[in-house]
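The structure under discussion appears below in the form of structure tokens.
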Amino acid sequence: DSVDSLNSFPRLTDVRLSGNPVADPVRGGIPRFVLIARLSKVEILNGSEVKPRERKESEIRYVRSVMSKFHNNQEEVSRCHPRFYELQSLHGLEDERPSNGAAGPQKMGSGLL
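The numbers in my numbering rise by one with no breaks, and the one at position 24 of the sequence shown is 48.
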């Protein structure tokens with residue numbers, strides 16, 4: 025998709041998508057953590073610095089989100105989420121399986137490092 029295509033510009037480190045419907049979660053756009061995970065070289069997003077901790081947490085949250093939605097449908101994951109397997113390996117999340125919800129709700133912060 026159009027956001028993933030921005031990765032083909034390796035020197036693109038400052039991206040401003042504010043005002044663009046693609047980055048407006050209120051209108052069904054992509055949340056900040058997903059943009060950070062999908063844009064590997066971005067250091068500044070919408071005027072705010074992407075610090076290493078935010079990048080790591082965003083990438084881990086993104087991988088877990090994709091795993092919970094796609095349930096090991098590798099073909100669709102590869103097509104829709106080009107960085108998924110790279111990030112899964114980078115953060116050592118290969119062996120994690122999507123939760124079936126049997127353990128009950130978890131706090132959002134429990135998935136962050």
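All residues carry an ideal CB built from backbone N, CA and C; glycine is no exception.
Since we're looking at a predicted model, the values are computed, not measured.
- Item | Cα-Cα separation, S113 to E83 | 11 Å
- For V39, the nearest candidate out of A61, I68, E73 and V46 (CA to CA): I68
- Task: Would you decide whether V46 is buried or exposed? Buried here means 16 or more other CB atoms lie within 10 Å of its CB.
- Result: exposed
- Item | Cα-Cα separation between K80 and N97, rounded to whole angstroms | If you take the alpha carbons of K80 and N97, they lie about 24 Å apart.
- Going by CA-CA distance only, name the one from R62, G71, V74 and E73 that's closest to V87. R62
- Using CA coordinates, which residue listed in K65, K93, P49 and L59 is at the minimum distance from V27? L59
- Query: Which same chain residues, not among the five before or five after T37, have their C-beta less than 8 Å away from its C-beta?
  - Reply: K65, V66, E67 and I68.
- Task: Go through its chain and collect everything with a Cβ distance to G125's Cβ below 8 Å, but skip five positions before and after it.
- Result: For G125, the predicted structure reports a pLDDT of 46, less than 50, and the residue's modelled location is therefore unreliable. A value from the coordinates is still provided. Once the five neighbours on either side are set aside, G125 has no close Cβ partner at all.
- If you draw a straight line from the alpha carbon of E110 to that of S32, how long is it in whole angstroms? 16 Å
- Message: What does the alpha-carbon distance come out to for the pair G52 and R85?
- Response: 18 Å
- Task: Could you check the C-alpha separation between E118 and R107 for me, to the nearest Å?
- Result: Taking the straight line from one Cα to the other gives about 14 Å.
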